[in-house]
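Trainee: This structure is in structure tokens; I'll ask about it shortly.
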Amino acid sequence: MTKLQLFWGNYKKFPGHAVCKIGILFLLTLLLNLTGYAQQVEIRGKILDEGSKLSVIGATIKLKGLPGGAVSNVDGDFQVNVKALPVTLLVSNIGYKYQEIDVYEAEPITIFLAEDQNRLSSVVVVGYGTQKRSELTGSVSSLPVDKLKQAGPSFESALQGAISGVQVTQTSGAPGSGVSIRIRGGNSITGGNDPLYVIDGFPIYNNSNESNAGALNSQAINPLSSINPGDIESVDVLKDASATAIYGSRGANGVVIITTKKGKAGVNKVTYDGSLGVQTASKKIDLLNAKEWATLKNDARANSGKAPLFSAAQLDSLGSAGTDWQSAALRSATIQNHNLSFTGGNEKTHYSISTGYLKQDGILIGTDFSRFSSRVSLDSKISNKFTVGINLNGSKSDASQASFGNVQGVGDNILSILYMPPTVPIRTKTGAYTFASPYESAVANPIATLNLATNLNTNYRLLGTIYGEYKIIEGLKAKVLFGTDILANKQNRYLPSSLYEGASVGGIATVGSKFTNRWLNENTLTYNKTFSDVHNVEALVGLTQESSKSEGVIASSQGFINDILQYNDLYSGSTTNKSYSSYSGYSLLSYLGRVNYNYKQTYFLTASVRRDGTSRLGVNSKWGNFPSAAIAWKVNKESFFQPLSETVSNLKLRFGAGKTGNSEIVPYQSLSLLSVYSYPTGSGTTTNAGYAPARVANPDLKWETTAQYDGGIDLGLFKDRINLIFDAYYKKTTDLLLDVQLPYTSGFASAYENYGSVENKGIELGLNTENFKGKFGWNTNVIFSLNRNKVLSLGNGLQSYVVTLSGTNTAAIVQVGQPLGSFYGYKADGVFKSTDNISTTPRIDQTGTKPGDVRYKDISGPNGKPDGIISQAYDRALIGNAQPKFTFGFTNNFTYAHFDLSVSLSGSIGNKIYSNILQQLQLTTGFQNGIKGLTDHWTAANENAQYPRANENVPTTPNSDLYVYDGSYVRLKNISFGYNFPKRIVAKLKISNLRLYVSAQNLKTWTSYKGYDPEVNYYEGNSALQGIDYSAYPTAKTVTGGLSVTF
Amino acid sequence: MKRSISIKYTTLLVVLLSLFAIKTNAQETLTISGTKFTYPLIEKWISEYAKVHSGLKITLVQKSGAAKVADLNIIAHQPAKEELKENQEIIYAGRFALLPATNQHNAIFGTLPKKGLNKKEVDKLFFEVVNYDDEAKVENSKFTATIYSRENQACSSIALAGYFGHVSSEIRGKKVTGDDIYLLTAVKKDSIGLTYNNLGYLYDVNSRKLKDGLALLPLDLKRDAKELLTGDLDNVIATLEKNKIETIPVEKFGFIYSQQNERKEVSDFLRWVLSDGQKFNHEEGFLNLDKEVLAEQANRLNEKFLTLK
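Written out as structure tokens, the structure is:
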């Protein structure tokens, strides 16, 4: 202790000054020595972002070949000490290009880091994590970034023609409407076929019922349209079982993973994207003009023994004039889109905040869609081991919609536009709207309805996740995530009494709302380690649970004295209609695990398993296991392959197999149900409510199970100038969830059971070639998908069934040995000629058939042979199929200096359409308007006419091959032309990026189909009814101009 | 008491004299700072100018940050608008050329085409343009080399990239800080090293020969420019002053001065540089300005400093 005081204390206080002096001398000597050791070169510097000239925080500075280093501070400053110069600094930061800098002098240096926006390209987001693209064993495709920029209001349309194996069909051209997506074909007959979407880790089904309270006769808003495409960083599509099995019971239809934009350290960026465009109908259906229709009308009346309605003079005066209802209803409509985002952060906290506004007027008058969306993404490293983050996406979508679907009491606006005779004026001489067609078919004035009816559909959505991630030891991380998805739908409808649809009830108002709340909890552990430098292992285990409940209510009243309050005061209606409320809920509990292993980045193995338990299914079958495994071999890493390495830059062989599930049926189908029935008592004028069994329980009801096998080759040639990805797959879905008819003796009509199986097999090809590089660049992307679908069995010895809707036969059949989407009907055999002996020829109408009526083929009879009678039971046959022979996408991107041009074609070849619309427009009754050329109908003088005779009393218009059309098409889906201002020019304006562009969507479609659009999918969710065209909002071609600027 | 008063007055006198001396000294000093590779020529100018103007002390300020306070700042690239303040002007004083040089033992010589590299090939070798919208679209040169260049904001990097229609962040390879001379140090140490550098550093200004350990990268040149690759420094300068060669950037350098702080010493010095000083350009490996450009600089100088004549 004394010695210490000798050195550090006041030496005068201690005896022996001499000793003290020695001590001080020793101390000085020591200090001098230390100074000698400390004689190092100090390198000080500052790291700045090259574009914004702002400090880059958290950049790592290492010394090449030497220990030590530094991290840039909040001002971008750093300091390192070295023994001698020169040294090489290795400077890196996420999101920036790595730099190696030789330092020869000790003077302060300024390092400008350039952004590396391409960092995500080599990483693919897979279920519950990310993986390097080069290490994938499964079939995973990513949507090219430029395609996402071309997406319209919703991102899904960008998938069309961009990813092999993904068939995208637009269900309607209405603003805010959805698309139907099938990944490697449809597996299910009655269950859902849409893929699972995972948005920032939150799995959601795009269930349009959740955004449809049921108060409108309109199409539901596509729930995914609440996601602003401008907020999306990447879209990855998991296609085969080895990739999707980690999603178990929901993976059978494929998985689409959407990752929204995140902030980056050190770059504070403000980006504005804005565009303005004009949409016009891409096509009008060619219909009869006034004179042609009036002539048809007269002819039909004449054949029905009635006097002509129009005199010759009147016919002449009509000329080609008359009302063009399509032109009156369709318009040029504007679309505008604005997005503003702020991204950035420091070494610990990253943020991304954005807001967007979209306003799209529909090409049909009275329709529009608008969306206001905001998003916050925030993550922060609280300590070296603990990170927390939040993603919050809120949006409000409003749609003013047309009436859709030929529902009793409310006409379908599109059908009214087509059916309304051209001799009917839009307004009467008094200026009021014409009420309805004065002719036999009850067609409401569609212009009046579109202008006066109210069909408002509003969605509010809040999708949010919050997580914490803790690094337990090096390589081992625990993550806990909570999420919620709240979707509120509000619908308001009012049909004033001045409209045909509202007249009979004195005006009707309906309001409805639906509230869906889903919550999620995921708990995962991941372990990542490399052993002996060659064995790379990544393991994942997890427990997840989620629950959903949905509540809805609809109220309605009618008989309004005036139209002032509309739907805002149901009480003012003289009659209150029945109110409805509904509730539905389900929950899911899952255990999951996955191991990725590779040896020397050459041999890869992935194995995963998920165990799911759901409340949707029978008590005996709530739990299911979904395993998968895949292997891959990167042949080009082998030493024997090196002689070829100059030519073949990548060669990977993959094989995977797995089992996934589908439980997408309405909840409670496994339970026995009681339904309320009204029955009369006493005199019969009073009804009482009572309950009766409506469904028998099926405690064994379980998943639809899909077993899938996938083999693939990834090939890169000439330093990846040519990249080819080829996959072949086979999928078999068993235990289909079918609503099977029961014997009437059971007392029930049908019950859900697991019967039957469907297979899909096919090949996919993705080819990317870089034809030219340099100042002039040209690359080509070709996508080819071929899928063959077949029903293998329907259980209980059932060979086929005709699909019925509301008790009416459709033109669709589900038949063993045939693909889903098969059309079923009579086969036409021309028309009866005057010389034919009708009484001895098989015919549908035994009494009323006359020359000029359609003849149908007598295919079979009770004895298996033609029986001389045309009957439903024996004379209908397969008449076509909605499945395409193949689909393709063909994109060429050109760049020259700062200009870029992109041209995308997509197409579907070999698919057939059953057109209910054209079937109706070919009716020769004269009750409604018809298709152009219908005047070329059969008469005794014109026996070779295109259409049968005009006749008001057409007995039936049976489904037949007369209305099956080739639905093949090639579409110029997108052309975009842009100019990126050179950085050295925009830098003067303190702008880091500035791009101007014009683009056009759906500019041209080559097809022989006469309807609005060959992409038809009226019965969107029903695989058995695909390819049927029955009213669809016309698709628009859009020309847009826009700019993107980043500060 | 008297003694203490006299001490006080003496002290005051000393302080006043010191202040006067400092002020006088400041009026006779001119500071210059900026792009270092021009320093050999600037130093030559300073020493020659001192011979005829002994009353003025011109100092080259080496330390970073001095640029903000120096009377004249040297710039050797075309400045972006925001680089110049409102009251700042540039008077150009000469030109420099950047030649591609490599380690003399570089194996690349065996792989290059006989006629040398054309502009496209040089472009691909030195620059990397990433198409951010398309992954893996980085174009790689067929030749193997490590490119050395100064930091992205250094004059030689901006001049080089600008000449080829790029921005400096698109230059491949490693960065070297401090001075362009270190690029040659790096190349000499790295057998596959490749850099662009100015003539004053590439050539020994005394012997007029290329410095030991270095070799010029063979370029595809027209016949009348061919000797540029083999000739001495004077041949090279003569050829470059006569011809514009698409693979050899030639750029002006000059002095940025502030009109806010106009001084006669500055205008006198600049006037001398544009007249008598020009004869030293070649000696130090720099090119002269075109006659028209030179005349324009002199005119502008006279206009700007008219009041100080």
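First to last, the protein sequences are chains H and R.
Each residue of the first sequence is one higher than the one before, starting from 1 at the first, in the working numbering.
Each residue of the second sequence is one higher than the one before, starting from 10001 at the first, in the working numbering.
A virtual CB, placed ideally from N, CA and C, is assigned to each residue, including glycine.
None of these values were measured; they are calculated from a predicted model.
1. Is there a Cβ from chain H that is less than 8 Å from the Cβ of residue 10110/R?
2. With residue 10156/R as the anchor, note down where its alpha helix (DSSP H) starts and where it stops.
3. Going by C-alpha to C-alpha distance, which of 87/H, 174/H, 612/H, 961/H sits closest to residue 589/H?
4. Write down every uninterrupted run of the beta strand (DSSP E) in the segment 264-297 of chain H whose length is 3 residues or greater and which is fully enclosed by it, in chain order.
5. What are the complete alpha helix (DSSP H) segments, minimum 4 residues, inside the segment 462-512 of chain H?
6. Excluding sequence positions up to five away, which residues of its chain have a Cβ less than 7 Å from the Cβ of residue 971/H?
7. Using a C-beta cutoff of 8 Å, does residue 10220/R count as contacting chain H?
8. Give, in chain order, every unbroken run of the beta strand (DSSP E) that is at least 3 residues long and sits entirely within the segment 765-815 of chain H.
9. Taking the beta strand (DSSP E) that residue 1091/H falls in, what are its first and last residues?
10. Does the Cβ of residue 10276/R have 16 or more other Cβ atoms within 10 Å, making it buried, or fewer, making it exposed?
11. Look up residue 10236/R in the DSSP assignment and say whether it is helix, strand or coil.
12. Just reading off the beta strand (DSSP E) that residue 977/H is part of, what are its end residues?
13. I'd like to know if residue 112/H contacts chain R, where contact means its C-beta is closer than 8 Å to some C-beta of that chain.
14. Can you tell me the Cβ-Cβ gap for residue 411/H and residue 403/H, rounded? I've got them flagged as a contact below 8 Å.
15. Buried or exposed: which applies to residue 774/H, given that a residue is buried once 16 or more other Cβ atoms fall within 10 Å of its Cβ?
16. Please identify, using Cβ separations under 8 Å, the residues of the segment 10183-10201 of chain R that lie next to chain H, in order along the chain.
17. Which two residues bound the contiguous beta strand (DSSP E) that contains residue 690/H?
18. Over the uninterrupted alpha helix (DSSP H) stretch that includes residue 10200/R, give me the two end residues.
19. Mind the definition here: the segment 339-355 of chain H touches the segment 293-304 of chain H only if three or more C-beta pairs lie below 8 Å; say whether that holds.
20. Going along the chain, which residues of its own chain have a beta-carbon closer than 8 Å to the beta-carbon of residue 751/H, five neighbours each way excluded?
21. Just the C-alpha distance for residue 10234/R and residue 10208/R, rounded to the nearest angstrom, thanks.
22. Taking the alpha carbon of residue 468/H as the point to measure from, which residue in 986/H, 535/H, 389/H, 522/H has its own alpha carbon closest?
23. Spell out a yes or no on whether the segment 10034-10048 of chain R and the segment 10239-10249 of chain R are touching, meaning 3 or more CB-CB pairs, one atom from each, closer than 8 Å.
24. According to the Cβ coordinates, are residue 821/H and residue 1024/H closer than 8 Å?
25. Evaluate the contact criterion for the segment 284-291 of chain H versus the segment 318-325 of chain H: three or more CB pairs, one atom per stretch, below 8 Å.
26. CA-CA distance, residue 444/H and residue 416/H?
27. Ends of the beta strand (DSSP E) at residue 1036/H?
28. Indicate whether residue 87/H and residue 113/H have their beta-carbon atoms separated by less than 8 Å.
29. Let's test the definition: count the other Cβ atoms within 10 Å of the Cβ of residue 10251/R and tell me whether it reaches 16, buried, or not, exposed.
30. So with CB distances below 8 Å, who are the chain R contacts of residue 984/H?
31. Assign residue 135/H to one of three DSSP states: helix, strand, or coil.
32. List the endpoints of the continuous alpha helix (DSSP H) containing residue 451/H.
33. Is it true that the CB of residue 363/H sits closer than 8 Å to the CB of residue 1036/H?
34. Please look up how many angstroms separate the CB atoms of residue 10125/R and residue 10143/R, rounded, as I've assumed it's under 8 Å.
35. Say whether chain H places a C-beta atom closer than 8 Å to the C-beta of residue 10088/R.
36. Quick test of the definition: if touching needs 3 or more C-beta pairs under 8 Å, does the segment 10079-10098 of chain R touch the segment 10259-10275 of chain R?
Mentor: From the atom records:
1. To locate residue 10110/R, count along the second sequence from 1; it is residue 110. No, residue 10110/R lies away from the interface with chain H (no Cβ there is under 8 Å from its Cβ).
2. In the second sequence, the residue the question calls residue 10156/R occupies position 156. Looking at the DSSP string, the run of the alpha helix (DSSP H) that includes residue 10156/R is 10155-10163.
3. Here residue 589/H corresponds to residue number 589 of the first sequence, with the count starting at 1. It is 612/H.
4. 269-281
5. 500-503
6. Stepping through the first sequence from its first residue, residue 971/H is reached at position 971. Here the set comprises 905, 906, 907, 1002, 1005.
7. Counting from 1 along the second sequence, the entry for residue 10220/R is found at position 220. No, because no Cβ of chain H sits closer than 8 Å to the Cβ of residue 10220/R.
8. Within the segment 765-815 of chain H, the complete beta strand (DSSP E) runs of at least 3 residues are 776-793, 800-805, 808-815.
9. Any property of residue 1091/H remains undetermined from this structure, which presents chain H solely from 1 to 1047.
10. For the purposes of this step, residue 10276/R is identified with residue 276 of the second sequence, where counting begins at 1. Here residue 10276/R is exposed. Its C-beta has fewer than 16 other C-beta atoms within 10 Å.
11. For this step, residue 10236/R is matched to residue 236 along the second sequence. Helix, per DSSP.
12. Walking along the first sequence from the start, residue 977/H turns up at place 977. 969-980 is the extent of the beta strand (DSSP E) around residue 977/H.
13. By one-based count along the first sequence, residue 112/H stands at place 112. It does: the Cβ of residue 112/H has a partner Cβ on chain R nearer than 8 Å.
14. Start at 1 with the first residue of the first sequence, and residue 411/H comes out as number 411. Start at 1 with the first residue of the first sequence, and residue 403/H comes out as number 403. The pair is a contact, with the Cβ atoms about 6 Å apart (cut-off 8 Å).
15. For this step, residue 774/H is matched to residue 774 along the first sequence. Exposed, since its Cβ has fewer than 16 Cβ neighbours within 10 Å.
16. 10185, 10186
17. Indexing the first sequence from 1 puts residue 690/H at position 690. Per DSSP, residue 690/H belongs to the beta strand (DSSP E) from 686-695.
18. Position 200 of the second sequence, counted from the start, is the residue given in the question as residue 10200/R. From DSSP, the alpha helix (DSSP H) with residue 10200/R extends over 10199-10202.
19. With the rule of 3 Cβ pairs closer than 8 Å, the segment 339-355 of chain H does not count as touching the segment 293-304 of chain H.
20. The residue you call residue 751/H lines up with position 751 of the first sequence. Same-chain partners within the cutoff: 695, 696, 698, 739, 740, 742.
21. For the purposes of this step, residue 10234/R is taken as residue 234 along the second sequence, with counting starting at 1. For the purposes of this step, residue 10208/R is taken as residue 208 along the second sequence, with counting starting at 1. Rounded to whole angstroms, residue 10234/R to residue 10208/R spans 7 Å at the Cα level.
22. For the purposes of this step, residue 468/H is taken as residue 468 along the first sequence, with counting starting at 1. Residue 389/H is the option with its Cα nearest to residue 468/H.
23. no
24. Here residue 821/H corresponds to residue number 821 of the first sequence, with the count starting at 1. Here residue 1024/H corresponds to residue number 1024 of the first sequence, with the count starting at 1. Taking 8 Å as the Cβ cut-off, residue 821/H and residue 1024/H qualify as a contacting pair.
25. yes
26. Along the first sequence, one-based indexing puts residue 444/H at 444. Along the first sequence, one-based indexing puts residue 416/H at 416. Distance between the alpha carbons of residue 444/H and residue 416/H: 6 Å.
27. Within the first sequence, residue 1036/H is the residue found at index 1036, counting from 1. Bounds of the beta strand (DSSP E) holding residue 1036/H are 1036-1046.
28. Looking up residue 87/H in the first sequence gives position 87. Looking up residue 113/H in the first sequence gives position 113. In this structure, residue 87/H sits away from residue 113/H, with a CB-CB distance that is not shorter than 8 Å.
29. In the second sequence, the residue the question calls residue 10251/R occupies position 251. When all chains shown are included, residue 10251/R counts as buried.
30. Counting from one through the first sequence, the residue named residue 984/H turns up at place 984. Simply 10080, 10162, 10167.
31. Here residue 135/H corresponds to residue number 135 of the first sequence, with the count starting at 1. Helix, per DSSP.
32. Against the first sequence, residue 451/H aligns to sequence position 451. If you look at residue 451/H, you'll find it in the alpha helix (DSSP H) that goes 446-452.
33. Mapped onto the first sequence, residue 1036/H falls at position 1036. Mapped onto the first sequence, residue 363/H falls at position 363. Result yes, Cβ atoms of residue 1036/H and residue 363/H sit closer than 8 Å.
34. Numbered from 1 along the second sequence, position 125 holds the residue referred to as residue 10125/R. Numbered from 1 along the second sequence, position 143 holds the residue referred to as residue 10143/R. Residue 10125/R to residue 10143/R, Cβ: 6 Å. Contact.
35. Indexing the second sequence from 1 puts residue 10088/R at position 88. So no, residue 10088/R is outside the interface.
36. The segment 10079-10098 of chain R is in contact with the segment 10259-10275 of chain R.
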